[in-house]
Ligand code: FAD
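Numbering (this note's numbering), first residue to last: 170 to 538.
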């Protein structure tokens, strides 16, 4: 008899397994249908011996001291600040748009205050900001929107930014200084020995039993457990009874090149050319020294593993129907990106799992009284 059956060994499931086993002394069965732990953060050494991320580049960044110090129990860190260039008009320019981007693109020599005035002269005044297009056009104007966002968003989502919630492009800021870091969070580091090693340490506890290559549907009737934590897709849990929640998927094409270095930064975006959105070179992320280098191209697609919940109002309404069913279930918790249908980063999923653990603890102590 297990106290908890946890479906999914990504951040959501693994953090909860660790907390329940270590702090609450619960017996946990953690299952995943894949042949590895770590969910989409899984990394491994490829044939050339270079550390690569199987499900696309994962850069850790957070403003939460709680999340950072929690994960620090299981890994040392390597300071890493991610930088992204966009390939535009035959040159590579910093992304998010900053002072250097505009000066390079237009052959100007503006100062920060002149750039503020430049943006103001280009910005289109909008009464309401509803879509991803509104967010960008209202700050930098239509020309920069078309260069940097329109094509990229169309490739990434197969939708025009005017059809997508404001949240998508709101994630990418615009700067009037020369700060060319992709993120500005207070903690920006990569696990020193990789994500998978960090997960191995997190799950190394006698109370945690792990079963891989195991779909929960194949074992649910055969396992004895008291409570369930589900981190897979919420619509799958309810047999798609209201229809499928739409996701965007990606095909990853990996290459190892017989050269030391391929591109100047971790990621280069291709907003308007080619079928792929971006290329990432892993050695920038890991700091690994190797005479060869491995890169990954990302080709967004409609079919495949569910990666990105599509942020459109209709989809939010559909998710809310499933959420209502979920709220009626006893002893069942839905946690993580797929189970809450949210475009969460890793740190947000860790925070969600830690707060779910606190909720479980307080429910158990109330029931014990
Ligand atoms: P997952 O990692 O998806 O884990 C869910 C697990 O459940 C999976 O292993 C799956 O196999 C398992 N599962 C599903 N259904 C079943 C079933 N029926 N039976 C058994 N097991 C099942 N975040 C960042 O912070 N920084 C980044 O740079 C970043 N880059 C990203 C790039 C890409 C391409 C993608 C797709 C995501 C990126 N993310 C990034 C987000 C990050 O991947 C997620 O926040 C995080 O992995 C979510 O963890 P999770 O546990 O909720 O889900």
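Idealized CB from N, CA, C, for every residue including glycine. Note that this is a predicted model, so its numbers are computed, not measured.
Just grab the DSSP bridge partners of residue i for me.
{"i": "residue 397", "result": "174, 501"}
{"i": "residue 468", "result": "420"}
{"i": "residue 356", "result": "231"}
{"i": "residue 328", "result": "DSSP output for residue 328 lists no bridge partner at all."}
{"i": "residue 255", "result": "262, 438"}
{"i": "residue 450", "result": "464"}
{"i": "residue 535", "result": "In the DSSP output, where bridge partners are listed per residue, residue 535 has none listed."}
Alpha carbon to alpha carbon, what distance is there between residue j and residue i?
{"i": "residue 510", "j": "residue 500", "result": "20 Å"}
{"i": "residue 181", "j": "residue 518", "result": "6 Å"}
{"i": "residue 320", "j": "residue 440", "result": "5 Å"}
{"i": "residue 503", "j": "residue 399", "result": "5 Å"}
{"i": "residue 309", "j": "residue 288", "result": "5 Å"}
{"i": "residue 536", "j": "residue 269", "result": "59 Å"}
{"i": "residue 418", "j": "residue 265", "result": "24 Å"}
{"i": "residue 328", "j": "residue 322", "result": "7 Å"}
{"i": "residue 431", "j": "residue 348", "result": "23 Å"}
If we count the other Cβ atoms within 10 Å of its Cβ and call it buried at 16 or more, is residue i buried or exposed?
{"i": "residue 192", "result": "exposed"}
{"i": "residue 404", "result": "buried"}
{"i": "residue 187", "result": "buried"}
{"i": "residue 325", "result": "buried"}
{"i": "residue 257", "result": "buried"}
{"i": "residue 226", "result": "buried"}
{"i": "residue 263", "result": "buried"}
{"i": "residue 195", "result": "buried"}
{"i": "residue 386", "result": "exposed"}
{"i": "residue 424", "result": "exposed"}
{"i": "residue 372", "result": "buried"}
{"i": "residue 506", "result": "buried"}
{"i": "residue 178", "result": "buried"}
For residue i, which residues from the same chain have a beta carbon less than 6 Å from its beta carbon, with the 5 sequence-adjacent residues on both sides left out?
{"i": "residue 380", "result": "200"}
{"i": "residue 245", "result": "361"}
{"i": "residue 370", "result": "243"}
{"i": "residue 146", "result": "For residue 146 there is no data in the structure shown, the boundaries of the chain being 170 and 538."}
{"i": "residue 224", "result": "209"}
{"i": "residue 205", "result": "211"}
{"i": "residue 465", "result": "421, 423, 449"}
{"i": "residue 202", "result": "384"}
Closer than 8 Å by C-beta to residue i: which residues in its own chain qualify, once you throw out the five before and the five after it? Chain order, please.
{"i": "residue 292", "result": "306, 307, 308, 309, 310"}
{"i": "residue 247", "result": "358, 359, 360, 361, 455, 456"}
{"i": "residue 484", "result": "414, 415, 478, 510"}
Excluding the 5 residues flanking residue i on each side, which residues of the same chain have their C-beta closer than 7 Å to its C-beta?
{"i": "residue 260", "result": "273"}
Is the region 352-369 touching the region 249-269 in the sense that three or more CB pairs, one from each, lie closer than 8 Å? yes
Determine contact between the region 294-303 and the region 328-339, defined as no fewer than three beta-carbon pairs at a distance below 8 Å. yes
Count Cβ pairs between the region 444-460 and the region 480-500 that sit closer than 8 Å; are there 3 or more? no
Can we say the region 458-474 touches the region 218-236, given the rule of at least three CB pairs closer than 8 Å? Touching, per the Cβ criterion.
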